[in-house]
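**Student:** Quick note on the numbering used here: the sequence shown kicks off at -4 and runs consecutively. Pasting in a structure now, in structure tokens, and then I'll have a few things to ask.
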Amino acid sequence: MEPPAAPSQGRLTVDRRRIVLTRQAEANRPWAARLRTAGYAVLELPLLRFELLPAPAELVVADWLLFTSPQGVRAFTGAGLSKGKARVAALGTGTAAVLTQVGLTDHLDLEARDGSELASAFVAAVEAPARVVLPGAQRRLEEPRATLETAGFEVAELPLYETVALTRDDLPTAPFTGGDVVFFCSPSAVGAFVGAWDERPDCVAIGETTAPPLRAAGFAPAVAEQPNLEEMVRAAGLEPIPAPSTAESGS
-4 MEPPAAPSQG RLTVDRRRIV LTRQAEANRP WAARLRTAGY AVLELPLLRF ELLPAPAELV
56 VADWLLFTSP QGVRAFTGAG LSKGKARVAA LGTGTAAVLT QVGLTDHLDL EARDGSELAS
116 AFVAAVEAPA RVVLPGAQRR LEEPRATLET AGFEVAELPL YETVALTRDD LPTAPFTGGD
176 VVFFCSPSAV GAFVGAWDER PDCVAIGETT APPLRAAGFA PAVAEQPNLE EMVRAAGLEP
236 IPAPSTAESG S
């Protein structure tokens, strides 16, 4: 009998790696289910939690609502806010899918991997001046705001939740084993990891926003070409997983 063929194109077989998910617990669960269905061992290791902020008392007045995360969409609708006459755009297929789930339409269907690309695509598609509101986290990166303001848009941030990193005391002491590959989806998760452990296992960044803090902390991250689970698996050099169903795609 001939020996089994080695994995093609350098891909690793499912049983040789465990994928560590570091998003908030509720966000980890659907990804973990998809990975386990595909045959992967998974460690759910949430490094973040979300705390909702008080909803604004005033009506949201905007020409455009620009959502940069699924959590921003959920927090907006969960606070009972209405888009009014504003049109809506989103960063990434996951955020766009959550818009659909809550009954909102993505009017632009922009292809972008991070806030900078989103801003550039928006500027190319929409003529200034216009008022753009950014619903989302209390602390944000400078993009997409900086590029939008430079292009002549009036931009207002709408903080709806706070991202809180778990501390060393909240996390297990030694959760990692040989062969682990850690999936990071935000700089906040990187900060929480570095604050808790000295290990620097193989890892994947969901995009170029998350990659620099990983490199600064001593990791050598692979970077997903698009901000979704299947591209993170691909970037890790692992056997691909199926694309999500419509019901799962906003996870």
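The beta-carbon is built from N, C-alpha and C at its ideal position, and this holds for glycine as well. All figures in this text were calculated on a predicted structure; none of them were measured in a lab.
On the premise that ALA184 lies in contact with LEU86, defined as a C-beta separation below 8 Å, what is that separation, rounded to the nearest angstrom?
**Tutor:** Start at 1 with the first residue of the sequence shown, and residue 86 comes out as number 91. Start at 1 with the first residue of the sequence shown, and residue 184 comes out as number 189. No, LEU86 and ALA184 are not in contact; Cβ-Cβ is about 17 Å, not under 8 Å.
**Student:** From what residue to what residue does the beta strand (DSSP E) around LEU105 run?
**Tutor:** To locate residue 105, count along the sequence shown from 1; it is residue 110. Where LEU105 is concerned, there is no enclosing beta strand (DSSP E), given that its DSSP letter is neither H nor E.
**Student:** If we count the other Cβ atoms within 10 Å of its Cβ and call it buried at 16 or more, is PRO170 buried or exposed?
**Tutor:** Here the question's residue 170 lines up with position 175 in the sequence shown. Per the 10 Å Cβ criterion, exposed.
**Student:** Can you give the beta carbon distance from THR142 to ALA114, rounded, assuming they're within the 8 Å contact cut?
**Tutor:** Residue mapping note: residue 142 aligns to position 147 of the sequence shown, counting from 1. Residue mapping note: residue 114 aligns to position 119 of the sequence shown, counting from 1. THR142 to ALA114, Cβ: 4 Å. Contact.
**Student:** Hey, would you say ARG82 sits closer than 9 Å to ASP104, going by beta carbons?
**Tutor:** Numbered from 1 along the sequence shown, position 87 holds the residue referred to as residue 82. Numbered from 1 along the sequence shown, position 109 holds the residue referred to as residue 104. The answer is no: Cβ separation not under 9 Å.
**Student:** Between the beta-carbon of MET227 and the beta-carbon of ALA219, is there less than 9 Å?
**Tutor:** Your numbering for residue 227 matches position 232 in the sequence shown. Your numbering for residue 219 matches position 224 in the sequence shown. The answer is yes: Cβ separation under 9 Å.
**Student:** Please identify the residue among ALA22, PRO49 and ASP101 whose C-alpha is closest to the C-alpha of GLU157.
**Tutor:** One-based indexing of the sequence shown puts residue 157 at position 162. Nearest of ALA22, PRO49 and ASP101 to GLU157, Cα basis: PRO49.
**Student:** Going by DSSP, what residue range makes up the beta strand (DSSP E) through TRP26?
**Tutor:** For this step, residue 26 is matched to residue 31 along the sequence shown. First-last for TRP26: 20 to 32, but that is the alpha helix (DSSP H), not the beta strand (DSSP E).
**Student:** In the DSSP output, what is LEU76 paired with across the bridge?
**Tutor:** Residue 76 sits at position 81 when you count from the first residue of the sequence shown. Paired residues: none, contrary to the question.
**Student:** Give me the DSSP bridge partner(s) of ALA132.
**Tutor:** Position 137 of the sequence shown, counted from the start, is the residue given in the question as residue 132. In DSSP, ALA132 forms a bridge with TYR156.
**Student:** Looking at C-alpha atoms only, which residue of ALA70, GLU39 and ARG31 is the closest neighbour of PRO154?
**Tutor:** As a first step, residue 154 is located in the sequence shown; it is residue number 159 there, counting from the start. The option with the nearest alpha carbon to PRO154 is ALA70.
**Student:** With 16 other CB atoms within 10 Å as the buried threshold, where does ALA1 fall?
**Tutor:** Here residue 1 is taken as the residue at index 6 of the sequence shown, counted from 1. At ALA1 the pLDDT is 35, less than 50, meaning the model places this residue with poor confidence; the figure from the coordinates comes in the next sentence. Per the 10 Å Cβ criterion, exposed.
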